[in-house]
Every structure is written in structure tokens, then in C-alpha cells.
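Number of protein chains: 4
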Amino acid sequence: MIEVFTTGGTIDKVYFDANSEFEVGDSLMGELLAESNIRDGFSITGLMRKDSLEMTDEDREAVRAAVSRCAAERVLITHGTDTMVETGRSLLSVTGKTIVLTGAMQPARMRRSDAIFNIGFAWAALRLLPHGVYIAMNGEVFEVGSVRKNLKAQRFERTS
Amino acid sequence: MIEVFTTGGTIDKVYFDANSEFEVGDSLMGELLAESNIRDGFSITGLMRKDSLEMTDEDREAVRAAVSRCAAERVLITHGTDTMVETGRSLLSVTGKTIVLTGAMQPARMRRSDAIFNIGFAWAALRLLPHGVYIAMNGEVFEVGSVRKNLKAQRFERTS
Amino acid sequence: MIEVFTTGGTIDKVYFDANSEFEVGDSLMGELLAESNIRDGFSITGLMRKDSLEMTDEDREAVRAAVSRCAAERVLITHGTDTMVETGRSLLSVTGKTIVLTGAMQPARMRRSDAIFNIGFAWAALRLLPHGVYIAMNGEVFEVGSVRKNLKAQRFERTS
Amino acid sequence: MIEVFTTGGTIDKVYFDANSEFEVGDSLMGELLAESNIRDGFSITGLMRKDSLEMTDEDREAVRAAVSRCAAERVLITHGTDTMVETGRSLLSVTGKTIVLTGAMQPARMRRSDAIFNIGFAWAALRLLPHGVYIAMNGEVFEVGSVRKNLKAQRFERTS
């Protein structure tokens, strides 16, 4: 059983013409999994719809509590990329679970997006990794204690 | 470095109106990886464009030879789902590599397809699995020696 | 009010992996109109789901009867391209209506398809044309009495 | 021959993760026409890439001059929806041409967008309308002198 918690981020952005801008919308996760022929063995809960630059300590505590409380041993969290590492590090205190955070550089609602690849990638990571907290982005798995987002290159990379 | 070999299958089918049917076309792999923000660290070779029901022993030997000969330790093979297990088993003699076979139930060229999820899933499987031959389909990893395609349910499942 | 009758054709084809082939499925028309922000002022009826090479005289009579009987003055018919002209010509006896037939060379369910462009094109043709029967394909409007499908070029063209 | 001038607007917006926002990008027009099986009989020129709330009198004069100077009798202009009517009205002085303005409420780069339907709709309008200036949006044709954008309903409608 995989428990999916969605918190917002670019992956879930929707374009609102009335405001001439995007806003974080409903998670597309359920629809993307169905399209990908994944029909059972998971549960999806929307925790919040935040741009990750706006995540607060309370938000991170709410995520930690939900992850900690759930029965599943494997947890996928979709999250904005800007502070994915911070949220990941706040989850290091949770034991007995494999926790993978992923997101996307392009909203899942775009014709061309990294969202579905990243979700599939994270899904396999959840099946195969030992307990711990990981970031799954740009086709690589990173332990959350040794990764950062390189803003200039717009990619995640290992720190020494 | 991930070596990608494409052999055809549903994943690469194209619709030809002149023939009123779908035929295996060029692999979409390069385009899908670029959309998914995966830009380096891999090489793609199209070995053949076959519906997997039409794969012969010569075809399987050609695949085995290409996999065996390549320098990479991680090999992804896209393949039709009907005989993916047979081709996988014929690769058990190749040592020193992690080999993952994947494909799709819906062509990658469809608006709704499991192709990109499966490719992302297989990409992570390649990063994390020890040497051996595996099938990555419907969100699970199977050792090739203990999996079969359940035609009725249209899913891959473990055999005892 | 626009009355939409769907009869099948490439535009509605779906890929069925179990059969390794396409088949005509439910019309995607309602979904495509909603995506295109067209939410009212029309009604959709699925008359049949046929590859147009398999349309019979009874099928064409059923189409003619439905068109003739409906209250709307503007009628859109989605149809396979191979015998679209024949069906169009069988509708010349219907008076007092603007009837436009369209379809697609690539199923609407493909990522890249002419389906939505053709539907939008036909929608405007319905708003602007006088009573009569027309084919709207490859970005042109043809009177049904002077058009044919050029099989080699895979395009519709005017006959002298 | 249809002359296409692109000026920006929602239809051409691209999502830039680095800025956490959508910005007007290259026009997707050429790619959308090719997907729609429209391969010749048109020319595309990018005049500017502006959100229409930022169009100035100089911008409108540049559009008017380009339209006026071109040889084609049929001109399609893609434009942001917020001030499409203003730009349309500034073109009423151009004679001897059928000019249709269209755009989209959702960027063409989204999986679900009204962009392709609107372009197809406008293409037919160009084939069928007499000389003059028109807005083609939400499945209707409006003479530019008697239309406005209803901001609340997010639709174009006829004024008395």
C-alpha cells in the first residue's frame, strides 16, 4: 500500500485567465495514476495546496504528523521543488517508513511535463528503497540529507 | 549511463489512416525523456520495430547480443508486452548488468497512456536494482523468472 | 442550437491492447467541446460507431432520418473520412438545414490530432454557411456535390 | 493565402519554474497547424509577445501597419483576450481584407485548452466572412464593433 500526500507546488498549478496567472489547484494525482494503469494499492490525501516558498513550520508539522500517523510503510509526497529539501529534512524523525518526495518543473496539466515521469520514478523508488527519506527528481534518487536544489541549473544535485 | 534499446511494441505504435490501422513507428523515447527533463546520461538505439508477437529467435538473439556487447551496466529495453517475459528470460545469460524491460498498454502517442509512467518507473528501477533481469509493468517490479502476463486481466503478475 | 450526430470513424478510434488493434469507441465530442470552452447551445447524439468503409445503405438512411427529424437548423456530423462524401450526398434531399460533415485523419485520443481543429473549423462553418450540405476537412469548406477524398494524398479536394 | 500575425496573450503562455510564473513565449501556431494537418497556404509572423493588458498605442499601430501592408486578403491575429476588442477596433480603418482576431482562455501548451478549437474556428471564419474585422471566441463570430469581453463570465458577448 502506498500512501500519497499532496501538498501543492508547481506540479499542481492551474492557469486562471481571470487573474492572468497560475494558482495551485486540485492535485491531478488520481487522474495521472488512472491514466498510467495504476488502479489500486494506494490512497491519496490532499494535505494543502501551497507554493512551497509559502510553506510554514506549521505546514511542515502538519505533513510530519500525517506521515507519522498513517499506517502505510511507503509514503509518496508531492511538493513544490523550491523547499522540497527542507520538508524532506523535517521528516527524518519519522521512523519505519520509506518516504519519497517528488514534484515537477512543469505543471502536470501542461502537454509537456516531467510530472508523470517523476511520479512513475518515485513509485519505483518507493518499492525498492529501504526506510528513510529521499528526493526523487530529474531521474535520480537522493538521500534528503545530501541534496540541494541548484536554482541556477534548475536541477537537484548531490552535496558532498 | 543508461543504455536504452527499443524493439517496438504497443508503446511505439502510430496510427496510419491510409491503412486504417496502428503500426509500430519510430520510438518516442528521446522525445519523452526530453519532456521529462532527462537530458543526458543515456544513449538510445532502435534495434527493431516489431509487434512482440512477431519476435523470432533471431530477433531475441540480436537483442541479447546488443545488450551483452554494450558497455553500460544499466540497460532499459522497451518491448511489446505480449512476449516481454520470453525476451527477458533469454537475457538471463547476460551477466554484470541490471536489465529492465518495460512497455505500455496504450501507445505513447495517445493523450492518455501508461508509457511515460512506465519509463519513469523503469528508470528508477535501473538506478536501484542489483544485477539481473526484471520486468517493470503496472507499477511493480518482477524478476523475470517469476512473472507472466495475465492476458485476461491485461496485467503482469507474479507466478509462485 | 447545433445538433451533433456522431457515426464513428477514425476520429473516435480507441486502441485496445488485448486485440492489438484500434476500434471505434465512444465519441470524444462532449469532452472536446468542454475543453474548448463550448458549454451550451448544442446536443450530441451517438448514432452508430462505424468505420466508414462499413457504412451500409441502412446506416445512411438512419443518419438521413435523424438529421431530417431533428429540430435544429444547424447539424454537425462526425464521420469516417473514407465514405464521408457518399453520406454527405445522401443528405442532399434534406432541406432547410446547414449540414456539415467532418472527421479526422488521426484519432482525437492521440496527443497530436487534427480532430479538435476540424471540429472548431466545422463549428464556424455551421454558423456562417447557408443551407446545404458541406464537407469541412483539411482547413477548407467543400460543397458535397463537388468534392472527393484523394486517397493517395490523403486529403479532400474539389472536383471540377 | 492566410496571413497569421501573433501578438502574444494567454494562448502563447509558457510556465517558467524559475520565476514561478507563466510568461508569453514563442507562438505555438506553426506546431498546432502542422498537428492539425494544415501544411500550406499560410504564413506566420510573430509581431510581439505581449500580455494584452500591456499593449500600447504604438503596439496597436504596429499591428495595423503589418496588417495593412501584407498582400493577403485574409488575416488571422492571435491576441490576448483582455484587449482583443480594442485592437480589433483599431483595425476598422484597414480595407479590402477579412480580419479575424482570436486567442484562448487556456494556454495552447496545456493538455486541455480552447486554443486549437479557436484557431480552427477562426480559420473557417476567414474562409467564409466578407471583408471586415471580427472576433472569433467561445464558438461564436462577432463583428468587432458590437462585442465586449464579459470579465465576470469570462466570455465574449454581443453588445446591443
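Just so you know, the protein sequences line up as chains P, W, E and C, in that order.
In terms of my numbering, the first sequence opens at residue 1136 and continues consecutively.
In terms of my numbering, the second sequence opens at residue 1136 and continues consecutively.
In terms of my numbering, the third sequence opens at residue 1136 and continues consecutively.
In terms of my numbering, the fourth sequence opens at residue 1136 and continues consecutively.
Where a beta carbon is used, it is the ideal one built from N, C-alpha and C, also for glycine.
Note that the structure is predicted; figures quoted are calculated from it, not measured.
Contact annotation: in the segment 1265 to 1283 of chain E, residues whose CB is within less than 8 Å of a CB in chain C are 1271, 1273, 1274, 1275 and 1276. Along the segment 1178 to 1208 of chain E, the positions whose C-beta sits under 9 Å from a C-beta of chain W are 1186 and 1188, read in chain order. Under the Cβ criterion (8 Å, minimum of three pairs), the segment 1235 to 1248 of chain E counts as touching the segment 1241 to 1256 of chain W. Cα atoms of residue 1198 of chain C and residue 1268 of chain C: separation of roughly 13 Å, rounded to the nearest angstrom. Residue state for residue 1208 of chain W is assigned as coil, using DSSP reduced to three classes.
Residue environment: residue 1287 of chain P is assigned as exposed (fewer than 16 neighbouring CB atoms within 10 Å of its CB, all protein chains considered). Annotated three-state conformation of residue 1271 of chain E is strand, per DSSP. Taking C-beta atoms as the reference points, residue 1263 of chain W and residue 1260 of chain P count as a pair closer than 9 Å. Among the residues of chain E, those whose CB is under 8 Å from the CB of residue 1145 of chain W are 1150, 1152 and 1155, following chain order.
Interface flag for residue 1234 of chain C against chain E is unset, since no Cβ pair is found closer than 9 Å. Counting only runs that start and end inside the segment 1193 to 1253 of chain C, the alpha helix (DSSP H) elements of at least 4 residues fall at 1219 to 1225. In the three-state scheme derived from DSSP, where H, G and I count as helix and E and B as strand, residue 1285 of chain E is classed as strand.
Less than 9 Å separates the beta-carbon of residue 1162 of chain E from that of residue 1181 of chain E. Cβ-Cβ distances below 6 Å link residue 1144 of chain C to 1187, 1214, 1215 and 1238 in the same chain, with the five nearest sequence neighbours on each side left out; the list follows chain order. Taking the beta carbon of residue 1164 of chain E as reference, no residue of chain C falls within 7 Å; the closest one sits roughly 12 Å away. In the three-state scheme derived from DSSP, where H, G and I count as helix and E and B as strand, residue 1145 of chain W is classed as helix.
Contact note: residue 1240 of chain C reaches chain P through 1152, using a C-beta cutoff of 7 Å and chain order. Linking residue 1172 of chain E to residue 1146 of chain C through their CA atoms gives a straight-line distance of about 14 Å.
At a cut-off of 9 Å between C-beta atoms, residue 1256 of chain C counts as an interface residue with respect to chain E. In the structure shown, the three-state DSSP call for residue 1183 of chain E is strand.
Separation of the CB atoms of residue 1137 of chain W and residue 1251 of chain P is rounded to 18 Å, and the pair is thereby denied contact status at 8 Å. Remark: C-beta atoms of residue 1270 of chain E and residue 1229 of chain E do not approach each other more closely than 9 Å. Residue pairing by DSSP puts residue 1140 of chain E in a beta bridge opposite E:1180 and E:1212.
Per DSSP, the continuous beta strand (DSSP E) segment holding residue 1156 of chain W begins and ends at 1156 to 1159. For residue 1262 of chain W, the three-state secondary structure derived from DSSP is helix.
The Cβ-Cβ distance between residue 1211 of chain E and residue 1279 of chain E does not fall below 9 Å.
Annotation: residue 1175 of chain C to residue 1176 of chain P spans about 50 Å, alpha carbon to alpha carbon.
For the pair residue 1183 of chain C and residue 1218 of chain C, the CB atoms are not nearer than the 9 Å cut-off.
Rounded to whole angstroms, the gap between the alpha carbons of residue 1139 of chain P and residue 1169 of chain E is 29 Å.
The beta-carbon of residue 1212 of chain P is placed no less than 9 Å from the nearest beta-carbon of chain W. Chain-ordered, the chain P residues with CB closer than 8 Å to the CB of residue 1247 of chain W read 1170.
Among the bridge pairs identified by DSSP, residue 1276 of chain W is matched with W:1271. Apart from the 5 residues on each side of it in sequence, residue 1294 of chain P sits with its Cβ closer than 8 Å to the Cβ of 1281, 1282 and 1283 in its chain, given in chain order.
Beta-bridge pairing by DSSP links residue 1292 of chain W to W:1283.
Taking each of W:1153, W:1232, W:1194 and W:1206 in turn and checking the Cα distance to residue 1265 of chain W, the smallest one comes out for W:1232.
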